[in-house]
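By the working numbering, the letter at position 38 of the sequence shown is numbered 68, and the numbering carries on one by one without gaps. We put the beta carbon where it would ideally sit given N, CA and C, even for glycine. Keep in mind that this is a model prediction, so the values were computed, not measured. Notes follow the structure.
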Amino acid sequence: MGTFSFWHWLIVLLVILIIFGAGKLPRVAGDLASGIKNFRKGMKEDTDEKPANPPVIDQQQTPTGGAASTSAPADKAQSH
31 MGTFSFWHWL IVLLVILIIF GAGKLPRVAG DLASGIKNFR KGMKEDTDEK PANPPVIDQQ
91 QTPTGGAAST SAPADKAQSH
């Protein structure tokens, strides 16, 4: 029960030929190959397109006002 014999592989190949047909197998293989090529091309383009200058983050951020500015409107809403 360990490995498959020649007859097992022959039966598997026969079933595949029956399901897909002999004419469709080259087309399926070609579609698979073109899909792999497009995937590799896309991966290569992603690694090639690194930004030359990373975006600069502004270090001088203004404070938002904290709790004092947010509590005033909430107090007005609760009092009505």
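At the level of alpha carbons, what is the spacing between residue i and residue j?
i: PRO56; j: LYS71; result: 22 Å
i: TRP37; j: LEU47; result: 15 Å
i: ILE41; j: THR33; result: 15 Å
i: TRP39; j: VAL45; result: 10 Å
i: GLY65; j: LEU43; result: 23 Å
i: GLY60; j: LYS54; result: 10 Å
i: SER99; j: ILE87; result: Any answer about SER99 is weak, because its pLDDT of 49 lies below 50 and its placement is not dependable; what the coordinates show is given next. Looking at the two C-alpha atoms, the distance is approximately 26 Å.
i: THR77; j: LYS67; result: 16 Å
Can you tell me whether DSSP reads residue i as helix, strand or coil?
i: ALA59; result: helix
i: PHE36; result: helix
i: ILE87; result: coil
i: GLY65; result: helix
i: PHE51; result: Per the sequence shown, residue 51 should be read as Gly rather than Phe. Coil at GLY51, not helix or strand.
Write down the C-beta distance between residue i and residue j rounded to the nearest angstrom, noting that I regard them as a contact closer than 8 Å.
i: VAL58; j: PHE69; result: Contact flag wrong, Cβ pair sits at about 17 Å.
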